[in-house]
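J.:
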Amino acid sequence: MSQDKQKLPQTAIDQIANEGHLKLLKAAIPYVQSSSQKSLAIYTKLLELGNIIRFFDQPVPEMSICSEEKVSALDMLNDIRLFCDESEKNMIDSCIQTIQMIQNISSYQELMQSLSSENENPTDFMKTFLTPEQQAMFETYQTMLNT
Numbered sequence: 287m288s289q290d291k292q293k294l295p296q297t298a299i300d301q302i303a304n305e306g307h308l309k310l311l312k313a314a315i316p317y318v319q320s321s322s323q324k325s326l327a328i329y330t331k332l333l334e335l336g337n338i339i340r341f342f343d344q345p346v347p348e349m350s351i352c353s354e355e356k357v358s359a360l361d362m363l364n365d366i367r368l369f370c371d372e373s374e375k376n377m378i379d380s381c382i383q384t385i386q387m388i389q390n391i392s393s394y395q396e397l398m399q400s401l402s403s404e405n406e407n408p409t410d411f412m413k414t415f416l417t418p419e420q421q422a423m424f425e426t427y428q429t430m431l432n433t
């Protein structure tokens with residue numbers, strides 16, 4: 287196993303599965319007689335499965351992010367990205383950038399709709415973000431272009 291893979295954080299389900307001293311048991315597997323390694327490895331996986339079953343048998347499992355009011359695809363992608371290799375990270379980054387671009391376009395469209403519904407000139411609205419010097423320069427250029 288490469289060093290990069292060993293440094294990865296655990297997923298929420300792995301944290302639940304590895305409760306208790308299972309990591310210690312797993313770390314000991316290579317040092318047990320080879321004839322017992324398979325049985326010990328299977329036993330640790332059964333213990334992990336038992337931890338997961340017990341967790342989901344609780345009245346309200348605590349792992350659910352979906353119980354929050356608004357679940358963000360960006361948050362999910364950023365969490366998934368932690369467990370990816372470089373090529374997968376690049377793909378996820380492209381997805382994140384696409385989602386952010388769509389959100390920006392949507393925000394811009396909402397802004398333009400609100401401006402048009404208020405019968406406000408978008409140019410006048412944009413000028414409110416400029417300093418007085420920038421506004422004067424903008425008006426000068428606007429006058430030059432309109433004549």
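Using my numbering, the final residue of the sequence shown is 433, and nothing's skipped along the way.
Every residue, glycine too, gets a C-beta built ideally from N, C-alpha and C.
1) My output table needs one value for Q344: the three-state DSSP class, helix, strand or coil.
2) Compute the Euclidean distance between the alpha carbons of T426 and M412, then round it to the nearest angstrom.
3) Is the segment 363-381 touching the segment 324-334, taking contact as three or more C-beta pairs under 8 Å?
4) Please name the residue, chosen from S358, S320, C381 and Q344, that lies closest to I302 on a Cα-to-Cα basis.
5) State whether the segment 377-390 contacts the segment 356-364, with contact taken as three or more CB pairs (one from each stretch) at a distance under 8 Å.
6) For the candidate residues V318, S321 and N337, whose alpha-carbon lies nearest to that of H307?
7) Indicate whether A298 and I315 have their beta-carbon atoms separated by less than 8 Å.
8) Excluding the 5 residues flanking Q386 on each side, which residues of the same chain have their C-beta closer than 8 Å to its C-beta?
9) Shorter than 8 Å from the beta carbon of P316 to some beta carbon of chain C?
T.: Result, derived from the coordinates:
1) By one-based count along the sequence shown, residue 344 stands at place 58. Note: Q344 maps to coil in three-state DSSP.
2) Working through the sequence shown from its first residue, we reach residue 426 at position 140. Working through the sequence shown from its first residue, we reach residue 412 at position 126. Approximately 16 Å between the Cα atoms of the pair.
3) The segment 363-381, when compared against the segment 324-334, does not touch it at the 8 Å Cβ threshold.
4) Taking the first residue of the sequence shown as 1, we reach residue 302 at position 16. The closest CA to that of I302, considering only S358, S320, C381 and Q344, is found on Q344.
5) In this structure the segment 377-390 lies against the segment 356-364, because at least three pairs of beta carbons, one per stretch, are closer than 8 Å.
6) Here residue 307 refers to the residue found at position 21 when the sequence shown is read from its first residue. Just measuring C-alpha positions, the residue of V318, S321 and N337 sitting nearest H307 is N337.
7) Here residue 298 refers to the residue found at position 12 when the sequence shown is read from its first residue. Here residue 315 refers to the residue found at position 29 when the sequence shown is read from its first residue. No; because the gap between Cβ atoms is not below 8 Å, this pair is not in contact.
8) Position 100 of the sequence shown, counting from 1, holds the residue named residue 386. The residues are L360.
9) Judged by its chain identifiers, the structure shown contains no chain C, having just a single protein chain.
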